[in-house]
């Protein structure tokens, strides 16, 4: 039998005052997760995150660029998944010897992996209630231990979530909630597209054991949402999925040499286009099983301003809220809050159920403590 505990309510949380005259401390639980209280009880796999394709490839003029805002601003605007291509550095300027390059470091070098991870570390330390996902394409087949050097030198390994059982494949329904990740201060989830070794670096997870992707480098719309890349032996319906929602143009008539279609960004990145793509995937792709994507990768996410974040909020069944430190568009409006979105087309009902369950849990806890 638990001792009697006096309780009070502070910001919606039960806070014990004392146990038989002795101060009694309880770990504070997250009340806001990725910008909304209802997301705290949502599994990581059942939240849709706005992501940036080639997040490091930042330029307003280079044909090899995919973004115009630096990573720090992407995160401030609400982007919660960052994708990057990792290559062996031609100059070995960092401890890991990894640079982030677009296809080839001579074409576009976005700097060291350490600098990129450092921006993430700064953000998550300043925003402990935000869960951020990193996806690294291991272009040169480097060992996971080499990536770990960069995580360790920036201190991001301390923020990195890892499965408690050391498993490499995580089913969609086996992911923890955002609230539990935030409570444990493990708010960075990292995937390697290839070369992961969870026995030596348990926080660098093999992407295609937990995620499937639709085709990329698509030249026409509507986008194809078929299962294009997935781990051997994995069932798509058992995994999260990522949609590559960016339209390319062909160079020299090639289907492999492509560049972003910047002229149609206002259409491609519009709220309507993103919702249409996500709804199509949820409804027609056997791998989606009626669920919205967990990740949506975009080129030049900030054109048009706010649209991707509004779309994600709708998928999540929550109210859209502009990010507090978002950049401003030319018209003066702030860009959107980022990690909103759910991965179920019945997310509004799920959100109501989650809130009800949360209230019941508080009531049950109160009753138990007062026995």
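In mature numbering (1 follows the signal peptide of the UniProt record, and there is no 0), the protein residues as written are -21 to -1, 1 to 350.
We put the CB at the ideal spot given by N, CA and C, even for glycine.
None of these values were measured; they are calculated from a predicted model.
Closest by C-alpha distance to residue i, when choosing among the options
{"i": "residue 136", "options": "149, 169, 198", "result": "169"}
{"i": "residue 8", "options": "186, 268, 161, 278", "result": "161"}
{"i": "residue 87", "options": "41, 104, 111, 57", "result": "41"}
{"i": "residue 198", "options": "267, 56, 241, 286", "result": "241"}
{"i": "residue 113", "options": "258, 267, 65, 253", "result": "65"}
{"i": "residue 35", "options": "63, 108, 18", "result": "63"}
{"i": "residue 185", "options": "217, 148, 221, 214", "result": "148"}
{"i": "residue 118", "options": "239, 33, 302", "result": "33"}
{"i": "residue 73", "options": "129, 293, 268", "result": "129"}
{"i": "residue 293", "options": "22, 49, 27, 39", "result": "27"}
{"i": "residue 75", "options": "93, 61, 81, 85", "result": "93"}
{"i": "residue 193", "options": "215, 181, 174", "result": "215"}
Proximity of residue i and residue j at Cβ, strictly below 7 angstroms
{"i": "residue 98", "j": "residue 51", "result": "yes"}
{"i": "residue 167", "j": "residue 196", "result": "no"}
{"i": "residue 10", "j": "residue 16", "result": "yes"}
{"i": "residue 273", "j": "residue 219", "result": "yes"}
{"i": "residue 56", "j": "residue 305", "result": "yes"}
{"i": "residue 68", "j": "residue 83", "result": "no"}
{"i": "residue 270", "j": "residue 262", "result": "no"}
{"i": "residue 102", "j": "residue 54", "result": "yes"}
{"i": "residue 221", "j": "residue 190", "result": "yes"}
{"i": "residue 164", "j": "residue 111", "result": "no"}
{"i": "residue 181", "j": "residue 131", "result": "no"}
Expected contact under 8 angstroms - CB spacing of residue i and residue j to nearest Å
{"i": "residue 210", "j": "residue 188", "result": "4 angstroms"}
{"i": "residue 177", "j": "residue 145", "result": "6 angstroms"}
{"i": "residue 133", "j": "residue 96", "result": "4 angstroms"}
{"i": "residue 277", "j": "residue 248", "result": "6 angstroms"}
{"i": "residue 89", "j": "residue 37", "result": "7 angstroms"}
{"i": "residue 283", "j": "residue 245", "result": "5 angstroms"}
{"i": "residue 150", "j": "residue 217", "result": "5 angstroms"}
Beta-bridge partners of residue i, as assigned by DSSP
{"i": "residue 112", "result": "60, 168"}
{"i": "residue 117", "result": "65"}
{"i": "residue 21", "result": "DSSP, once it has assigned bridges, lists no residue as partnering residue 21."}
{"i": "residue 191", "result": "220"}
{"i": "residue 28", "result": "274"}
{"i": "residue 208", "result": "192"}
{"i": "residue 15", "result": "12"}
{"i": "residue 227", "result": "239"}
{"i": "residue 78", "result": "66, 91"}
{"i": "residue 183", "result": "169"}
{"i": "residue 139", "result": "167"}
**Q.** Uninterrupted beta strand (DSSP E) stretches inside the stretch 229 to 307 (no shorter than 3 residues)
**A.** When DSSP assignments are scanned along the stretch 229 to 307, the uninterrupted stretches of beta strand (DSSP E) that are 3 or more residues long and fall wholly within it turn out to be 237 to 239, 274 to 277.
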